[in-house]
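Single-structure report; data block below.
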Amino acid sequence: MATENKEVIYLPLEDVESEHCAMIVDKGLAQVNGVETHKVELNNQRAAITVYDKKALIEAIRKIKELGYGVTTVNQSFPVLNMTCASCAVSVESTAQSVQGVISANVNFATATLSVEYLPNITSASVLQKAIQGVGYDLLIENEASQQETLEALHEKKWSALKNKTIWAIVLSLPVVVIGMFFMDIPYANEIMWLFTTPVVLWIGKDFFVNAFKQAKHRSANMDTLVALSTGIAYIFSVFNMVFSDFWHERGLHAHVYFEAAAVVIAFILLGKLLEEKAKGNTSSAIKKLMGLQPKTVLVLQPDGTEKQTAIEEVKIDDIIIVKPGEKIAVDGLVLSGNSYVDESMLSGEPVPVLKKEDDKVFSGTINQKGSFHFKAVKVGKDTMLAQIIKMVQDAQGSKAPVQKLVDKIAGIFVPVVMGIALLAFILWVILGGENGTVQGLLAAVTVLVIACPCALGLATPTAIMVGVGKGAENGILIKDAESLELAKKVDAVVLDKTGTITQGRPEVLTVKWLFENNEFKQILFSIEKQSEHPLAEAVVKYLDQVESIAITSFESITGQGAKATYHNENYFVGNKKLLVENQIAIEDELVKQADEWTQQAKTVIWFADGKKALAVLAIADKIKETSVEAIKQLHEMGIELYMLTGDNEASAKSIAQLTGIAHYKAEVLPQHKADFIKELQRKGKVVAMVGDGINDSTALATADVSIAMGKGSDIAMDVAKMTIISSGLTKIPQAIKLSKQTVATIKQNLFWAFIYNLIGIPIAAGILYPVNGFLLNPMIAGAAMALSSVSVVSNSLLLKWKK
Numbered sequence: 064m065a066t067e068n069k070e071v072i073y074l075p076l077e078d079v080e081s082e083h084c085a086m087i088v089d090k091g092l093a094q095v096n097g098v099e100t101h102k103v104e105l106n107n108q109r110a111a112i113t114v115y116d117k118k119a120l121i122e123a124i125r126k127i128k129e130l131g132y133g134v135t136t137v138n139q140s141f142p143v144l145n146m147t148c149a150s151c152a153v154s155v156e157s158t159a160q161s162v163q164g165v166i167s168a169n170v171n172f173a174t175a176t177l178s179v180e181y182l183p184n185i186t187s188a189s190v191l192q193k194a195i196q197g198v199g200y201d202l203l204i205e206n207e208a209s210q211q212e213t214l215e216a217l218h219e220k221k222w223s224a225l226k227n228k229t230i231w232a233i234v235l236s237l238p239v240v241v242i243g244m245f246f247m248d249i250p251y252a253n254e255i256m257w258l259f260t261t262p263v264v265l266w267i268g269k270d271f272f273v274n275a276f277k278q279a280k281h282r283s284a285n286m287d288t289l290v291a292l293s294t295g296i297a298y299i300f301s302v303f304n305m306v307f308s309d310f311w312h313e314r315g316l317h318a319h320v321y322f323e324a325a326a327v328v329i330a331f332i333l334l335g336k337l338l339e340e341k342a343k344g345n346t347s348s349a350i351k352k353l354m355g356l357q358p359k360t361v362l363v364l365q366p367d368g369t370e371k372q373t374a375i376e377e378v379k380i381d382d383i384i385i386v387k388p389g390e391k392i393a394v395d396g397l398v399l400s401g402n403s404y405v406d407e408s409m410l411s412g413e414p415v416p417v418l419k420k421e422d423d424k425v426f427s428g429t430i431n432q433k434g435s436f437h438f439k440a441v442k443v444g445k446d447t448m449l450a451q452i453i454k455m456v457q458d459a460q461g462s463k464a465p466v467q468k469l470v471d472k473i474a475g476i477f478v479p480v481v482m483g484i485a486l487l488a489f490i491l492w493v494i495l496g497g498e499n500g501t502v503q504g505l506l507a508a509v510t511v512l513v514i515a516c517p518c519a520l521g522l523a524t525p526t527a528i529m530v531g532v533g534k535g536a537e538n539g540i541l542i543k544d545a546e547s548l549e550l551a552k553k554v555d556a557v558v559l560d561k562t563g564t565i566t567q568g569r570p571e572v573l574t575v576k577w578l579f580e581n582n583e584f585k586q587i588l589f590s591i592e593k594q595s596e597h598p599l600a601e602a603v604v605k606y607l608d609q610v611e612s613i614a615i616t617s618f619e620s621i622t623g624q625g626a627k628a629t630y631h632n633e634n635y636f637v638g639n640k641k642l643l644v645e646n647q648i649a650i651e652d653e654l655v656k657q658a659d660e661w662t663q664q665a666k667t668v669i670w671f672a673d674g675k676k677a678l679a680v681l682a683i684a685d686k687i688k689e690t691s692v693e694a695i696k697q698l699h700e701m702g703i704e705l706y707m708l709t710g711d712n713e714a715s716a717k718s719i720a721q722l723t724g725i726a727h728y729k730a731e732v733l734p735q736h737k738a739d740f741i742k743e744l745q746r747k748g749k750v751v752a753m754v755g756d757g758i759n760d761s762t763a764l765a766t767a768d769v770s771i772a773m774g775k776g777s778d779i780a781m782d783v784a785k786m787t788i789i790s791s792g793l794t795k796i797p798q799a800i801k802l803s804k805q806t807v808a809t810i811k812q813n814l815f816w817a818f819i820y821n822l823i824g825i826p827i828a829a830g831i832l833y834p835v836n837g838f839l840l841n842p843m844i845a846g847a848a849m850a851l852s853s854v855s856v857v858s859n860s861l862l863l864k865w866k867k
């Protein structure tokens with residue numbers, strides 16, 4: 064939007080339904096600075112305003128909303144293609160903001176995403192795309208499913224190309240290094256090195272030069288600029304020395320070549336980029352798996368009573384959908400008829416499926432068990448709970464930035480300084496150097512650029528990450544990226560999911576209180592539960608797995624109560640207390656007392672009885688992992704606050720919290736509330752780690768500063784999380800935090816030494832010691848020093864392997 068000229072902007076209004084409403088909006092706009100003229104058009108439901116700049120437009124929209132009315136705007140996110148650095152992100156962002164009708168634009172370089180708010184009556188996604196294409200980038204404006212498929216294909220293509228380039232760069236650089244360091248005097252040594260170096264610089268490394276040129280157009284610089292300058296100068300200077308060696312010999316100087324510096328720098332930097340690319344972009348696969356929870360088609364009951372297979376996109380509100388055993392529920396709705404147990408662990412995290420009967424709610428992505436039912440669609444498309452979870456995961460992941468950004472920022476300052484020093488050195492030598500001042504100045508400038516090569520800087524982070532990640536893997540901790548390594552050491556609050564994280568994640572029979580214990584009763588109980596569809600029956604069957612099955616008859620499942628069967632003309636019952644009471648079965652006081660005690664401990668109680676009296680009561684619960692209590696103790700000793708969030712009931716949550724020593728807990732928490740709780744801790748200044756294992760934890764994991772998944776949990780939780788504990792034992796969490804501290808310390812040491820090397824080496828290369836003792840650094844020695852700096856960084860990273 065122009066800042067010098069006036070523009071008329073039409074704001075599409077909402078809820079301005081009368082002249083009185085229009086008058087209120089009109090008076091409000093009169094109070095906005097920068098709005099020169101304004102007119103509310105009631106018939107067209109819009110306000111025509113004349114503004115000088117975008118600030119006035121935003122203030123006008125804010126004022127209308129403040130008055131209680133709405134302005135129709137569109138908020139969208141688009142993947143951005145072809146960005147290589149933070150400066151590219153700035154260029155895309157400023158271009159998007161300049162498009163007429165765009166209210167705000169923000170580019171996240173870490174996720175390569177443009178988030179934009181615009182007026183749909185003025186601009187569109189295609190207009191934005193055309194503007195971005197005009198500055199050399201591109202937007203994906205396809206639908207979400209197509210975006211994910213396209214992005215995955217592009218990522219795979221980029222990874223494959225980068226891998227091939229890196230391999231070829233290393234293969235071609237090796238003979239150059241060997242000849243340059245040990246066999247400089249063999250016939251045609253320079254020509255052979257030139258032959259191997261040329262494809263590395265001009266073919267494999269061409270992207271560095273292209274990107275450096277783009278940065279120059281934006282009056283910016285990054286790592287690509289450093290690589291392009293140092294390798295380009297070294298290569299051109301070496302070719303000149305090889306072809307015109309007499310030029311230096313006539314001046315009493317030796318014509319050195321620096322082909323190995325040019326080739327090795329490109330090989331090392333490509334290796335660093337390959338490591339970086341490998342750590343990126345698990346977002347798309349996680350989102351794809353979340354989307355995969357929703358079936359492609361559903362069975363819709365037609366008004367004439369027939370059934371029709373319908374695409375999920377065509378399902379409408381109030382459609383009646385038929386769900387068969389084992390099928391995924393497609394959309395959110397209400398049960399109309401039938402009943403079944405539904406696995407809602409993706410929402411609640413609880414392993415026990417929930418009984419669904421008439422008027423109960425069902426949710427998209429949950430899995431029906433053995434029964435079948437009809438339900439009415441209430442929410443479809445982007446309004447379903449699953450769609451909301453997907454959206455929240457995307458938003459949370461898009462708000463993060465990797466540690467590599469630090470290096471790019473430093474390089475942005477470092478490059479112009481190095482270029483300035485090289486130029487200054489050349490000018491000073493020309494002015495003050497006497498007869499050979501120009502030649503010495505050129506050598507000094509080249510030496511500065513060679514010694515200032517960013518190889519050590521480029522290797523500082525990826526080598527430390529590579530070793531740190533490797534060490535973590537050896538100890539059962541999978542670390543996905545540098546961001547989690549950067550932040551884990553700062554964690555001062557850990558939020559733990561209960562089921563599957565602190566506990567085993569599956570119900571088990573803890574103990575049985577028998578009134579009359581004999582093998583026949585056990586066989587009857589085992590045989591009834593083996594036929595039962597109730598989710599807790601599996602726990603009983605597993606507990607009695609050594610018992611032989613017998614032939615029972617007249618098996619009947621009683622919805623909401625349990626099961627009934629006959630053996631030798633005697634009725635037997637398995638279920639809750641209500642089942643026994645309704646069948647007038649006597650219960651001994653000692654069994655009642657034991658059941659009450661277990662209930663107070665938040666254990667699930669199952670009764671077993673014959674037709675006259677209760678025979679046994681069973682306690683079922685989700686057992687606490689053996690490592691949980693010790694891990695929680697260690698985290699407390701590290702000064703970290705602990706919180707437990709669970710979708711389970713209050714009694715169960717309180718019991719687990721007391722047994723593990725967790726002071727803060729919340730029960731009956733939905734997925735979106737977990738994410739809200741984490742955001743609240745973050746607003747208080749906490750650096751939060753979330754530990755979970757289920758789909759229901761994915762939003763909270765994506766929201767947290769550090770996300771840790773249990774290896775035995777859901778694939779989606781592991782895809783979203785930045786760390787995964789393979790064994791699912793919580794004692795690995797304090798180990799992960801300690802590893803983070805060691806790795807980040809190594810990264811900082813590497814960066815420190817890389818800059819100290821440059822801080823000392825660059826002035827010497829420029830000739831600062833020449834007036835003192837006549838010392839001039841030979842460019843060949845500068846190349847060796849550059850290689851030594853890289854070796855020192857790699858060696859320091861390898862020391863991580865031996866730290867405890």
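Take 64 as the starting number for the sequence shown in this note's numbering and just add one per residue. Even for Gly, the Cβ is constructed at its ideal location relative to N, Cα and C. Predicted, not measured: the structure shown is a model, and the values here were computed from it.
On the DSSP bridge list, what partners appear for residue i?
| i | result |
| --- | --- |
| Gly638 | Gly625, Trp670 |
| Leu92 | None, per the DSSP bridge assignment. |
| His101 | Ile112 |
| Asn138 | Glu180 |
| Met51 | The displayed coordinates of the chain run from 64 to 867. Any statement about residue 51 would go beyond what the structure contains. |
| Val754 | Leu559, Ile771 |
| Trp492 | In the DSSP output, where bridge partners are listed per residue, Trp492 has none listed. |
Go ahead and label residue i buried or exposed: buried means 16 or more other beta carbons lie within 10 angstroms of its beta carbon, across all protein chains shown.
| i | result |
| --- | --- |
| Trp865 | exposed |
| His727 | exposed |
| Asp768 | buried |
| Asn138 | exposed |
| Gly623 | exposed |
| Asn859 | buried |
| Ile613 | exposed |
| Trp661 | buried |
| Met753 | buried |
| Trp266 | exposed |
| Thr762 | buried |
| Gly638 | buried |
Could you tell me the distance, in whole angstroms, from the CA atom of residue i to the CA atom of residue j?
| i | j | result |
| --- | --- | --- |
| Pro797 | Ala123 | 51 Å |
| Ala765 | Leu548 | 16 Å |
| Ala672 | Asp711 | 28 Å |
| Leu705 | Tyr73 | 51 Å |
| Tyr251 | Trp257 | 10 Å |
| Thr429 | Leu814 | 48 Å |
| His597 | Thr616 | 18 Å |
| Val134 | Ile695 | 50 Å |
| Val655 | Thr373 | 52 Å |
| Leu397 | Thr447 | 13 Å |
| Phe838 | Leu832 | 6 Å |
| Gln882 | Glu611 | In the structure displayed, the chain extends from 64 to 867; residue 882 sits before or after that span and is not available. |
| Thr360 | His437 | 15 Å |
| Pro834 | Gly496 | 10 Å |
| Lys676 | Leu698 | 49 Å |
Taking 9 Å as the CB-CB cut-off, is residue i touching chain D?
| i | result |
| --- | --- |
| Asn145 | Here chain D cannot be found, since the structure has a single protein chain. |
At a cut-off of 8 Å, is residue i close to the ligand GDP when judged by its beta-carbon and the heavy atoms of the ligand?
| i | result |
| --- | --- |
| Glu370 | For the ligand GDP, the structure offers nothing, since it holds no ligand at all. |
Tell me which same chain residues have a C-beta within less than 6 Å of the C-beta of residue i, skipping the five on either side of it?
| i | result |
| --- | --- |
| Ala684 | Leu573, Lys666 |
| Lys543 | Lys785 |
| Val692 | Thr723 |
| Lys729 | Leu708 |
Since residue i and residue j are thought to touch, with beta carbons under 8 Å apart, how far apart are those beta carbons, to the nearest angstrom?
| i | j | result |
| --- | --- | --- |
| Gln162 | Val190 | Residue identity differs from the one stated: residue 162 is Val in this sequence, not Gln. Sure, about 6 Å apart at Cβ, within 8 Å. |
| Ile514 | Lys688 | With a Cβ gap of about 54 Å, Ile514 and Lys688 do not count as contacting. |
| Thr158 | Ile121 | Not really, about 18 Å apart at Cβ, beyond 8 Å. |
Leaving out five residues before and five after residue i in sequence, what residues of the same chain have Cβ atoms less than 7 Å from its Cβ?
| i | result |
| --- | --- |
| Lys576 | Leu654, Gln657, Ala679, Val680 |
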